[in-house]
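Since the structure comes first, as structure tokens, the remarks are kept for the end.
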Amino acid sequence: MKNLLKSLFVAASLLVGSAAFAATEGKDYTVLSPAQPTSGNKIEVLEFFFYGCSHCYHLHPLMSNWEKTMPKDVELVYVPAIFRDSWEPMARAMYALEALGQRHQLHEALFKAWNEENQQLFEEKQIADFVAARGVDRAKFLAAYNSFSMQSKVTRAKQMTRSYAISGTPTLVVDGKYSISGLQPAETMRVLNEVIAKVRKERPAAAPEAKAKAKR
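Sequential numbering from 2 applies to the sequence shown in this note's numbering.
Shown next, in the form of structure tokens:
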């Protein structure tokens with residue numbers, strides 16, 4: 002009898018703990034209406050951010066570590082939020098570095114420049130000087146920064162900021178449907194993982210394959 006009571010107590014404790022750490026709609030995440038289309042078969046995670054945002058800066062180390070070990074069935078896409086014209090140069094900078102295959106190398110440096118070194122990179126020349134000092138070919142960077150295709154990327158980022166109802170940064174959007182914002186960094190990551198698991202359960206046809214990939 003004593004062992005039975007002990008087992009029941011342990012089971013109850015696990016259930017309580019499980020409930021305490023379950024992501025809750027309206028508290029930990031919101032549901033976008035209407036949901037936005039996604040590309041590909043992977044679970045899409047969008048991070049809307051701005052390099053000058055201190056909250057984005059504090060989330061960045063956790064997102065960076067998570068990206069290195071994220072499940073194989075998940076795709077992370079960075080989207081520079083553009084709430085005002087002065088944010089556009091940083092969006093151009095990110096897309097230009099991405100085009101040159103050097104976003105990963107300078108992503109953290111740009112966060113530090115804004116949040117630790119008090120460098121407000123609003124001008125094209127300032128940004129070009131900054132990346133060139135860190136090994137990026139200045140001419141190639143400026144060509145990408147001012148390329149014909151750049152305007153379409155910036156326009157798309159502005160449209161996404163509106164269509165995903167982004168009101169602040171950082172905001173994570175999972176599978177075009179679930180929006181996560183306003184949480185502390187550790188809580189953001191917990192909810193992100195739980196929402197990804199939720200999305201997997203909502204994809205019954207692809208669930209066996211997704212589970213297999215996630216374990217690799």
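Note that beta-carbon positions come from the ideal geometry of N, C-alpha and C, so glycine has one too.
Just so we're clear, the structure is a prediction, and the values are computed from it rather than from any experiment.
Residue i and residue j look like a contact to me (Cβ under 8 Å); what is the Cβ gap, rounded to whole Å?
i       : j       : result
Tyr-146 : Phe-112 : About 19 Å; that fails the 8 Å criterion.
Leu-101 : Arg-135 : With a Cβ gap of about 12 Å, Leu-101 and Arg-135 do not count as contacting.
Pro-186 : Phe-49  : Actually they are not in contact, since the Cβ atoms of Pro-186 and Phe-49 sit about 15 Å apart, beyond 8 Å.
Tyr-30  : Val-132 : Tyr-30 to Val-132, Cβ: 35 Å. No contact.
Leu-33  : Ser-180 : 6 Å
Glu-117 : Pro-90  : Rounded, the Cβ-Cβ distance is 19 Å, inconsistent with contact.
Met-151 : Tyr-96  : 6 Å
Met-190 : Leu-47  : Actually they are not in contact, since the Cβ atoms of Met-190 and Leu-47 sit about 15 Å apart, beyond 8 Å.
Thinking just about the alpha-carbon of each residue, which of the options is nearest to the one in residue i?
i       : options                               : result
Val-137 : Gly-183, Thr-39 and His-105           : His-105
Ala-92  : Glu-68, Glu-118, Ile-128 and Asn-119  : Ile-128
Leu-143 : Asp-74, Asp-130 and Thr-39            : Asp-130
Ser-65  : Ala-114, Trp-115, Glu-109 and Lys-202 : Glu-109
Asn-42  : Val-75, Glu-124, Arg-85 and Tyr-165   : Val-75
Trp-115 : Glu-188, His-56, Ile-44 and Ala-36    : His-56
Under a Cβ-count criterion, where at least 16 other Cβ atoms within 10 Å of its own Cβ denotes burial, should residue i be classed as buried or exposed?
i       : result
Phe-140 : First, the residue type needs correcting, since residue 140 is Ala and not Phe in the sequence shown. Exposed is the call here.
Ala-13  : Confidence in Ala-13 is poor, its pLDDT being 40 and thus under 50, which makes the residue's placement too unreliable to answer from.
Gln-103 : buried
Pro-81  : buried
Ala-94  : buried
Phe-51  : buried
Ala-23  : exposed
Lys-178 : buried
Arg-201 : buried
Thr-162 : buried
Glu-203 : exposed
Glu-188 : exposed
Ala-158 : buried
Report yes or no: is there a C-beta of chain C within less than 7 Å of the C-beta of residue i?
i       : result
Asn-119 : No chain C is present in this structure, which holds just one protein chain.
Exercise. Please list the segments of the alpha helix (DSSP H) lying wholly inside the segment 128-196, counting only runs of 4 or more residues, in order along the chain.
Key: 139-146 and 149-164
Practice problem: Enumerate, from N- to C-terminal direction, the unbroken beta strand (DSSP E) stretches of 3 or more residues contained entirely within the segment 18-104. | Solution: 44-50 and 75-81
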